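Reading through the structure tokens given below for one structure.
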């Protein structure tokens with residue numbers, strides 16, 4: 001049985017599933033040689049013109065650059081640098097609209113050409129056959145070469161993956177899509193350079209067989225290639241039938257080798273590596289001429305162009321510049337400019353979009369040439385899309401799942417194997433834009449996978465951090481434990497004690513004691529309330545009367561309140577004495593004042609006699625405490641006497657004292673005294689709960705009460721009652737005065753009751 005290579009050499013070809021035969025429309029653009037498009041006034045260079053990551057910008061705004069100078073750099077195989085297509089000045093680094101179906105913006109370097117077209121330093125490898133393949137691959141990467149067939153996959157990365165793994169090298173020259181003739185004209189006009197590029201690829205990969213696959217609708221290009229290929233090159237030129245999409249990677253592999261590339265796999269998995277014919281041309285210029293990828297062949301076609309053909313356009317050239325230069329006449333109602341062919345291309349949002357490494361065609365059709373789709377209709381399940389699908393998919397099912405955003409089902413039905421050739425949409429009678437649904441679904445799936453990858457990466461980093469923290473903690477604990485063990489061992493050997501451990505134990509003991517003290521210490525008022533509640537509960541349960549602990553804090557508060565009231569009374573008396581003018585002493589006034597003083601003294605004496613001596617609750621009386629309490633009482637009595645002596649006797653200004661008025665005042669004073677005495681007598685005698693009453697403490701309390709009574713009597717004697725000016729006693733005024741006197745008497749009685757309660761608590 002013949003091997004695959006032997007069958008290929010004998011000229012055998014295979015076929016792939018599906019495919020269509022649309023109108024080619026190639027002759028309108030392949031009749032003239034390739035010309036230069038010229039230098040525009042501005043070049044817009046996107047940082048990402050390939051599949052992979054962006055490079056780092058190594059220029060700044062205002063920098064002068066030369067032709068072929070690198071503007072970005074990267075150290076990974078999937079990062080392809082961008083070079084200056086001509087000499088000039090960097091005028092901006094900003095977001096600009098790029099050639100993408102989404103119409104989104106991307107970061108771009110804007111270059112203002114100086115029109116001198118001055119080259120920078122070139123590095124050539126004319127003796128590439130003596131060079132190591134790895135060195136040549138790195139030169140290809142640094143030259144910024146990516147696949148020029150439309151995918152934009154970094155060429156260096158693809159060559160690295162094929163080293164030692166492939167036995168067949170395929171050069172794709174099929175160019176199957178309608179309208180596009182860039183590769184056709186390139187092979188016609190630059191066949192020798194193309195073949196030289198194929199030889200460089202053969203040197204790098206060292207395949208057993210090299211095949212150039214070209215469709216039979218390019219006879220001139222076939223002749224040009226055959227003219228420059230020799231038997232020593234071991235290169236086969238295989239002409240394949242014209243069928244769309246035979247130029248797709250998997251389909252061309254199947255046609256030329258009969259090998260089926262598995263789902264979601266690359267051609268290298270079946271021992272085949274493929275490069276575009278334009279990529280081979282760019283490799284030749286990079287290796288032998290030292291020129292990076294700064295321009296490419298672009299087809300300008302469509303009836304809206306006055307001058308149609310193929311041009312060498314600098315990367316970054318605005319499409320508007322090409323439209324103006326080659327006589328584009330826009331349709332008035334529906335102007336359209338398409339990047340790519342009629343089946344796989346996409347319409348631009350506007351013409352200020354730059355040429356990139358994957359731009360192979362600019363199509364400007366008229367309405368009659370390429371009619372617009374009217375509107376989408378419902379699928380009729382005709383299965384025409386499934387019949388023409390070159391990847392053997394079910395387009396109608398994928399469209400339903402994509403429209404329903406059921407991306408799991410899309411993946412289950414192998415959406416990623418779709419090559420977006422547009423054959424399904426081409427044959428759809430309902431004019432459903434199937435490829436648009438697939439592109440959107442692929443973008444969503446890719447975004448979801450990126451989110452999952454980021455989440456997984458974050459999870460791994462978090463777990464690694466947690467593990468590192470746990471490991472560090474364990475290491476610290478082990479280190480401290482080892483240090484403590486070694487210290488204890490050393491102390492045990494020397495016969496000493498562990499001072500650190502003892503200090504720590506003392507600190508812990510202090511903390512424990514303080515915590516217990518804080519717990520045991522309760523506010524006095526709260527403690528008294530708790531004690532009273534417990535006493536009541538015990539009395540109701542046992543039928544006996546229990547005693548609650550004395551509340552010294554409340555007594556202290558009451559003493560402070562009494563002191564404050566005494567200070568206020570003293571201040572009021574001093575203010576009254578200062579405000580009252582001194583008048584002449586009159587015999588009648590002295591008599592009235594003396595009578596009032598005697599009445600107040602009697603009243604105070606009666607109140608003092610009527611106050612019973614309280615029995616204070618006590619358990620055991622300490623002689624020292626009793627002596628202190630007696631001394632405090634004597635000091636208070638001396639202080640009250642001094643204050644009473646130092647209080648000046650106010651003199652009330654008077655003119656003529658009426659005997660009637662004096663009699664009324666005396667009567668009012670006597671009424672106040674009687675009422676206060678009655679209220680004092682009627683005040684209930686408080687009963688204090690006691691268990692064991694000590695005589696010493698009772699005697700001290702009585703002495704304190706007597707001292708306070710004497711103090712009140714002295715103050716009453718020393719304080720005269722002012723005589724109010726009057727002329728005629730009015731009965732109404734007398735009634736009012738009597739009411740005022742009663743109110744004052746009530747207030748005095750209340751104060752006396754409070755004094756009695758304070759004495760009991762003292």
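Numbering (the working numbering), first residue to last: 1 to 762.
Don't be surprised by glycine CBs; every beta carbon is placed ideally from N, CA and C.
What you are looking at is a predicted structure, and each value in this text was computed from that prediction instead of being measured.
Nonlocal neighbours in the same chain, by C-beta distance under 6 angstroms from residue i, ignoring five residues either side
i: residue 750; result: none
i: residue 340; result: 361
i: residue 88; result: 111, 112, 113, 114
i: residue 299; result: 29, 180, 181, 182, 310, 361
i: residue 217; result: 242
i: residue 122; result: 290
i: residue 15; result: none
i: residue 423; result: 20, 388
i: residue 35; result: 311
i: residue 435; result: 420, 422, 425
i: residue 106; result: 46, 98
Backbone secondary structure at residue i - three-state DSSP
i: residue 310; result: strand
i: residue 740; result: helix
i: residue 53; result: strand
i: residue 36; result: strand
i: residue 9; result: helix
i: residue 76; result: coil
i: residue 64; result: strand
i: residue 83; result: strand
i: residue 119; result: strand
i: residue 19; result: coil
i: residue 151; result: coil
i: residue 378; result: coil
i: residue 419; result: coil
i: residue 235; result: strand
Cβ-based neighbour list, residue i, same chain, cut-off 7 angstroms, excluding 5 preceding and 5 following
i: residue 394; result: 386, 413
i: residue 77; result: 141, 154, 156, 157, 160
i: residue 305; result: 326, 327, 328, 364
i: residue 187; result: 173, 194, 221, 224, 225, 277
i: residue 235; result: 198, 210, 212, 229
i: residue 331; result: 304, 366, 367
Nearest-angstrom Cβ-Cβ length linking residue i and residue j, presumed shorter than 8 angstroms
i: residue 257; j: residue 4; result: 6 angstroms
i: residue 176; j: residue 244; result: 5 angstroms
i: residue 364; j: residue 140; result: Wrong, their Cβ atoms sit about 34 angstroms apart, outside the cutoff.
i: residue 83; j: residue 62; result: With 8 angstroms as the limit, residue 83 and residue 62 do not qualify as a contact, their Cβ atoms being about 19 angstroms apart.
i: residue 296; j: residue 315; result: 7 angstroms
i: residue 358; j: residue 152; result: 4 angstroms
i: residue 118; j: residue 66; result: 5 angstroms
For residue i, the first and last residue of its enclosing beta strand (DSSP E)
i: residue 299; result: 295-301
i: residue 181; result: Counting along the chain, residue 181 falls outside any beta strand (DSSP E), and DSSP gives it neither H nor E.
i: residue 112; result: 105-113
i: residue 215; result: 209-215
i: residue 46; result: 43-46
i: residue 172; result: 168-172
Same chain only: Cβ atoms within 8 angstroms of residue i, ignoring 5 sequence neighbours per side
i: residue 747; result: none
i: residue 166; result: 205, 207, 268, 271, 272, 273
i: residue 172; result: 149, 213, 247, 249, 252, 274, 275, 276, 277
i: residue 430; result: 376, 377, 378, 379, 380
Limits of the alpha helix (DSSP H) - the one that residue i falls within
i: residue 88; result: Looking at the DSSP string, residue 88 is not in any alpha helix (DSSP H); the run it does join, the beta strand (DSSP E), is 88-97.
i: residue 142; result: 133-142
i: residue 398; result: 395-403
i: residue 410; result: 407-412
i: residue 128; result: Run containing residue 128: none; DSSP gives neither H nor E here.
i: residue 426; result: 423-427
i: residue 193; result: 191-205
i: residue 159; result: 155-162
i: residue 445; result: 434-494
i: residue 386; result: 384-388
i: residue 2; result: Unbroken run through residue 2: none, as it is neither H nor E.
i: residue 220; result: 219-228
beta-carbon residue i near the ligand COA non-hydrogen atom, thresh 7 angstroms
i: residue 303; result: This structure simply doesn't include the ligand COA, nor any ligand for that matter.
Check: Whole beta strand (DSSP E) runs in the stretch 237-304 with 3 or more residues, listed along the chain?
Finding: 272-276, 295-301
Next item on the list: Only counting runs of 3 or more residues, tell me where the beta strand (DSSP E) segments fall wholly within the stretch 302-373, in order along the chain.
Entry: 309-314, 361-363
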